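Asker: Dumping the structure here so I can ask a few things about it.
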């Protein structure tokens with residue numbers, strides 16, 4: 001989707017066989033200069049990355065010139081289509097969450113004008 005100063009692309013990345021991380025990438029529009037990367041893992045509250053305030057935060061960061069990826073925690077949000085909520089509390093959850101962030105960074109590195117020397121993290125947890 002394209003808006004006046006930014007765009008949004010929904011993604012699903014295979015991080016392990018049969019395990020996906022889902023998210024939304026917010027980019028400045030047009031993306032014509034080097035842009036910092038911001039990861040925003042969202043969860044622990046209703047609607048996760050679809051919350052209006054979360055979407056607004058990501059849109060504002062994109063308007064400020066950053067490439068932002070808002071993504072679901074493992075076994076939370078949209079990933080509950082793959083795993084039941086209780087899986088989120090298993091010992092493997094933290095490992096999968098870290099792997100999700102790494103895989104997203106790998107993907108973002110393929111975007112033209114992504115400045116991988118400027119990476120930040122913010123997010124929300126209720």
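Residue numbers (UniProt numbering): 1 to 126.
All C-beta atoms in this analysis are idealised placements derived from N, C-alpha and C, irrespective of residue type, glycine included.
Since this is a predicted model, take the numbers as computed values, not measurements.
My understanding is that residue 196 touches residue 13, with C-beta atoms under 8 Å, so please give their C-beta distance in whole angstroms.
Answerer: Residue 196 is absent from the structure shown; the chain starts at 1 and stops at 126.
Asker: For residue 45, list the residues DSSP reports as bridge partners.
Answerer: On the chain shown, position 45 is the one that residue 45 refers to. Answer by DSSP bridge pairing: none, since residue 45 is not bridged.
Asker: Taking the beta carbon of residue 121 as the centre, do at least 16 other beta carbons fall within 10 Å, making it buried, or is it exposed?
Answerer: In the chain shown, residue 121 corresponds to position 121, counting from 1. With fewer than 16 other Cβ atoms within 10 Å, it is exposed.
Asker: Taking the continuous alpha helix (DSSP H) assigned at residue 120, which residues delimit it?
Answerer: In the chain shown, residue 120 corresponds to position 120, counting from 1. No alpha helix (DSSP H) holds residue 120; the beta strand (DSSP E) holding it covers 114–121.
Asker: What number of angstroms, rounded off, separates the C-alpha of residue 35 from the C-alpha of residue 18?
Answerer: Here the question's residue 35 lines up with position 35 in the chain shown. Here the question's residue 18 lines up with position 18 in the chain shown. Each residue's alpha carbon lies about 31 Å from the other.
Asker: State the Cα-Cα distance for the pair residue 112 and residue 16, rounded to the nearest angstrom.
Answerer: The count along the chain shown starts at 1 and reaches residue 112 at position 112. The count along the chain shown starts at 1 and reaches residue 16 at position 16. Their Cα atoms are separated by approximately 25 Å.
Asker: Report yes or no: do the region 62–75 and the region 94–101 share at least 3 C-beta pairs separated by less than 8 Å?
Answerer: Yes, they touch.
Asker: Is DSSP giving residue 111 helix, strand or coil here?
Answerer: By one-based count along the chain shown, residue 111 stands at place 111. Residue state, collapsed to three classes: coil.
Asker: From what residue to what residue does the alpha helix (DSSP H) around residue 14 run?
Answerer: Taking the chain shown and counting its residues from 1, the one referred to as residue 14 is at position 14. Unbroken run through residue 14 is the beta strand (DSSP E), 6–16; no alpha helix (DSSP H).
Asker: Give a yes or no on whether the C-beta atoms belonging to residue 119 and residue 11 are separated by under 8 Å.
Answerer: Here residue 119 refers to the residue found at position 119 of the chain shown. Here residue 11 refers to the residue found at position 11 of the chain shown. For residue 119 and residue 11, no; Cβs fall outside 8 Å.
Asker: Could you tell me the alpha carbon to alpha carbon distance between residue 67 and residue 91, rounded to whole angstroms?
Answerer: Translated into positions along the chain shown, residue 67 becomes position 67. Translated into positions along the chain shown, residue 91 becomes position 91. Rounded to whole angstroms, residue 67 to residue 91 spans 31 Å at the Cα level.
Asker: Quick check on the burial criterion: 16 or more other C-beta atoms within 10 angstroms. Buried or exposed for residue 46?
Answerer: Residue mapping note: residue 46 aligns to position 46 of the chain shown, counting from 1. Residue 46 comes out exposed.
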